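Remarks on the structure that follows.
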Amino acid sequence: MGNGIHGHAAKALPITHDTARKLRVDTGLSSAGLGRLVGASGTAVGLWEEGRHAPVGGNRQRYVRALHAAAGFLLELNGGAEYAAARELLAADMRTELTSV
């Protein structure tokens, strides 16, 4: 577990930082564009992708949902085991979040 930008304990993402970045890049989104979608800055997204900080709270939930959508889009568009695996890991994380509320 890392720390979020504001020092809160952050739950690890279910995929690697490199995979998260790959999903963003492969969909054609800039870090600023993804940041706008999840309510964060492009700088924050960059820090998450570098593993220097982790999203917390609502930012984390929106980030996981956005990455899940990106993986689903890329899977439909291109196929590929990497996208399928990322999508399933992200879906499992979202289900866990729903049951822990």
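FYI, in my numbering the residues of the sequence shown are 1 to 101. Every residue, glycine too, gets a C-beta built ideally from N, C-alpha and C. These numbers come from a predicted model, not from an experiment.
- Within the same chain, and ignoring the five residues on either side of LEU90 in sequence, the residues whose Cβ sits closer than 7 Å to its Cβ are PRO14, ILE15, VAL64, LEU67, HIS68, ALA71.
- Counting only the Cα atoms, ALA20 lies some 16 Å from SER41.
- In the DSSP assignment, ALA86 is bridged to no other residue.
- DSSP places ALA12 outside both helix and strand once states are collapsed to three, so it counts as coil.
- Membership of ARG21 in the alpha helix (DSSP H) is indicated by the continuous run 17-27.
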